[in-house]
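Inspection log for the structure reproduced underneath, given as structure tokens.
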Amino acid sequence: MFDVDIWQEIFSTIRKNKLRTFLTGFSVAWGIFMLMVLLGSGNGLSNGVKDQFAQNAVNVMWMWTGETSIPYKGLKEGRPVKFNNQDYNFLTTKEKDIEKVSSKYYLPNNILYAYGKEYGSFETSTCYPALKEMENISINTGRFINDMDLREFRKVVVIGDEIRKALFKEEDPIGKYVKIGGVPFHVIGVSKDMKRQENNRQAYMPFTTAQRIFSGGDRVHMFTVTSRMVQTAEEADTITEKVRTDMAQRHNFDPKDKRAMGSFNMQTEYIRTMKIFQAINLFVWIIGIGTLIAGIVGVSNIMLILVKERTREIGIRKAIGATPLSVIGLVLLESILITTVAGYIGLVMGVGLMELINMGLEQAAAASTGNTDNVFFLNPTVDFKTAVSATLILILSGALAGYLPARKAANVTPIEALRDEN
Numbered sequence: 005m006f007d008v009d010i011w012q013e014i015f016s017t018i019r020k021n022k023l024r025t026f027l028t029g030f031s032v033a034w035g036i037f038m039l040m041v042l043l044g045s046g047n048g049l050s051n052g053v054k055d056q057f058a059q060n061a062v063n064v065m066w067m068w069t070g071e072t073s074i075p076y077k078g079l080k081e082g083r084p085v086k087f088n089n090q091d092y093n094f095l096t097t098k099e100k101d102i103e104k105v106s107s108k109y110y111l112p113n114n115i116l117y118a119y120g121k122e123y124g125s126f127e128t129s130t131c132y133p134a135l136k137e138m139e140n141i142s143i144n145t146g147r148f149i150n151d152m153d154l155r156e157f158r159k160v161v162v163i164g165d166e167i168r169k170a171l172f173k174e175e176d177p178i179g180k181y182v183k184i185g186g187v188p189f190h191v192i193g194v195s196k197d198m199k200r201q202e203n204n205r206q207a208y209m210p211f212t213t214a215q216r217i218f219s220g221g222d223r224v225h226m227f228t229v230t231s232r233m234v235q236t237a238e239e240a241d242t243i244t245e246k247v248r249t250d251m252a253q254r255h256n257f258d259p260k261d262k263r264a265m266g267s268f269n270m271q272t273e274y275i276r277t278m279k280i281f282q283a284i285n286l287f288v289w290i291i292g293i294g295t296l297i298a299g300i301v302g303v304s305n306i307m308l309i310l311v312k313e314r315t316r317e318i319g320i321r322k323a324i325g326a327t328p329l330s331v332i333g334l335v336l337l338e339s340i341l342i343t344t345v346a347g348y349i350g351l352v353m354g355v356g357l358m359e360l361i362n363m364g365l366e367q368a369a370a371a372s373t374g375n376t377d378n379v380f381f382l383n384p385t386v387d388f389k390t391a392v393s394a395t396l397i398l399i400l401s402g403a404l405a406g407y408l409p410a411r412k413a414a415n416v417t418p419i420e421a422l423r424d425e426n
């Protein structure tokens with residue numbers, strides 16, 4: 005059934021109906037082309053948003069204090085709420101849903117950094133070693149703060165790359181001393197953020213050292229923590245409320261008082277955003293496959309016309325011994341061939357267009373020194389698994405498009421066929 009004569013006959017039929025075959029194939033190619041473009045665009049949006057979340061650990065949560073706005077247990081509103089070092093111990097030992105904790109004590113934004121004759125005002129983040137993983141801090145040279153630095157109150161600092169350029173020029177800063185607020189600190193590392201350039205103007209200092217040198221007492225202005233990974237936004241919200249309730253009990257304020265303690269759980273937003281993109285991806289598949297089905301219906305209609313035109317020929321075939329299976333195979337092969345070839349062309353064009361767009365985006369990112377802080381469309385390509393799935397859909401669609409016409413052709417009797425006037 006799949007001999008050379010069959011293929012010659014199929015190609016001969018296609019050549020005789022070039023325009024009709026082209027228009028039929030174009031509808032299929034356009035459908036798969038649009039599916040690839042839609043999927044690539046959806047991936048681009050999803051990757052862009054994921055990249056924004058990747059700037060920090062997705063399960064990170066920040067907590068900070070303010071003033072009470074609701075009376076609580078006889079205490080008036082307007083009371084300042086202040087975290088302390090005991091809260092750090094509580095969070096690290098008592099809160100089972102909390103994995104890592106870093107405290108922060110705010111230093112003035114205009115604190116002066118000086119090295120030799122060079123000086124400038126830069127932001128200083130006081131922290132624990134856990135902050136490196138929480139905020140995805142990249143160390144270019146040297147090392148980050150460790151536990152020994154905190155235990156021994158070492159006067160060490162990790163400076164951002166822009167601080168290095170401003171103070172040290174081309175000189176290697178590792179091992180040198182920079183004065184921060186008039187106090188000499190040993191430079192142990194240089195951080196470099198390729199996505200958020202403003203972070204390169206920030207330095208990192210051991211939290212305990214900052215408290216001791218800059219008269220912080222046991223004051224903590226903010227906690228950065230990571231919570232256990234969960235599957236739903238509701239579970240993430242439950243963790244947030246549990247921590248809020250515990251901190252409210254420790255500092256005597258109403259757990260519902262948002263002004264007494266502010267918080268933001270990245271994991272809640274991440275889960276909700278990814279759910280939205282899952283829905284968008286499903287919608288894209290529905291729209292794309294719907295467009296493809298429209299093309300497949302066109303193929304099926306054309307095959308019905310072809311069967312009608314070749315009724316007498318089919319009747320003669322059956323009269324000289326052709327089996328219904330051979331007739332079905334002939335029609336199916338032609339349908340699958342048109343659908344697969346046209347669809348593959350559309351697939352290659354769609355994937356190629358997305359690759360070209362991705363190349364342009366990469367060049368634009370390189371021209372802007374790799375800063376993707378405000379980029380929400382990233383790597384809009386279609387992966388290999390999706391391309392294979394689309395190819396299988398094409399082949400299956402071609403078979404479905406030719407099945408009804410093939411069945412009709414197989415049911416033609418020689419007598420009816422010879423009576424047909426077409």
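Quick note on the working numbering: the sequence shown kicks off at 5 and runs consecutively.
Positions of the beta carbon are idealized from the N, C-alpha and C atoms, including for glycine.
Residue i beta carbon near the ligand FAD (any heavy atom closer than 7 Å)
{"i": "Ile163", "result": "As far as ligands go, the structure on display features none, and thus does not contain the ligand FAD."}
Beta-carbon gap between residue i and residue j smaller than 8 Å
{"i": "Asp165", "j": "Asn114", "result": "no"}
{"i": "His225", "j": "Tyr132", "result": "no"}
{"i": "Arg24", "j": "Ile306", "result": "yes"}
{"i": "Ala4", "j": "Val355", "result": "Outside the shown range of the chain, which is 5 to 426, sits residue 4, and nothing can be said about it."}
{"i": "Ile102", "j": "Ser231", "result": "yes"}
{"i": "Phe268", "j": "Thr72", "result": "no"}
{"i": "Met270", "j": "Val105", "result": "no"}
{"i": "Gly402", "j": "Ile340", "result": "yes"}
{"i": "Gly292", "j": "Leu42", "result": "yes"}
{"i": "Ala428", "j": "Phe126", "result": "The structure shown has nothing for residue 428, since the chain only spans 5 to 426."}
{"i": "Leu154", "j": "Gly124", "result": "no"}
{"i": "Met209", "j": "Thr130", "result": "yes"}
{"i": "Thr28", "j": "Ile332", "result": "no"}
{"i": "Val32", "j": "Gly347", "result": "yes"}
{"i": "Glu366", "j": "Thr385", "result": "no"}
{"i": "Leu398", "j": "Ile36", "result": "yes"}
Where the alpha helix (DSSP H) containing residue i begins and where it ends
{"i": "Leu116", "result": "Premise fails: Leu116 lies in the beta strand (DSSP E), 116-119, not in any alpha helix (DSSP H)."}
{"i": "Tyr92", "result": "89-97"}
{"i": "Thr145", "result": "It is not in any alpha helix (DSSP H) - Thr145 instead sits in the beta strand (DSSP E) that spans 143-146."}
{"i": "Arg252", "result": "The identity of residue 252 in the sequence shown is Ala, whereas the question assumes Arg. Segment 237-255, the alpha helix (DSSP H) holding Ala252."}
{"i": "Met152", "result": "151-155"}
{"i": "Phe211", "result": "211-217"}
{"i": "Glu137", "result": "135-138"}
First through last residue of the beta strand (DSSP E) which encompasses residue i
{"i": "Val160", "result": "160-164"}
{"i": "Phe227", "result": "226-231"}
{"i": "Phe189", "result": "187-195"}
{"i": "Thr128", "result": "127-131"}
{"i": "Tyr76", "result": "Premise fails: Tyr76 is in no beta strand (DSSP E) and is neither H nor E."}
{"i": "Glu103", "result": "102-108"}
{"i": "Gly221", "result": "Neither: Gly221 is in no beta strand (DSSP E) and is coded neither H nor E."}
{"i": "Val182", "result": "181-184"}
Distance between beta carbons of residue j and residue i, contact taken as under 8 Å
{"i": "Asp241", "j": "Thr272", "result": "6 Å"}
{"i": "Gln59", "j": "Lys199", "result": "6 Å"}
{"i": "Gly70", "j": "Arg263", "result": "5 Å"}
{"i": "Lys159", "j": "Pro177", "result": "Contact doesn't hold; Cβ gap of about 15 Å is too wide."}
{"i": "Ile74", "j": "Asp261", "result": "5 Å"}
Inset, instruction - Enumerate, from N- to C-terminal direction, the unbroken beta strand (DSSP E) stretches of 3 or more residues contained entirely within the segment 12-74. - result: You should have 64-69.
Legend entry - Touching by the beta-carbon criterion (3+ pairs, under 8 Å), the segment 211-219 and the segment 43-56: With the cut-off at 8 Å, the segment 211-219 and the segment 43-56 do not touch.
Inset, instruction - For the segment 142-161 and the segment 188-195, state whether three or more C-beta atom pairs, one from each stretch, are separated by less than 8 Å. - result: Yes, since at least three Cβ pairs between the segment 142-161 and the segment 188-195 fall closer than 8 Å, the two stretches touch.
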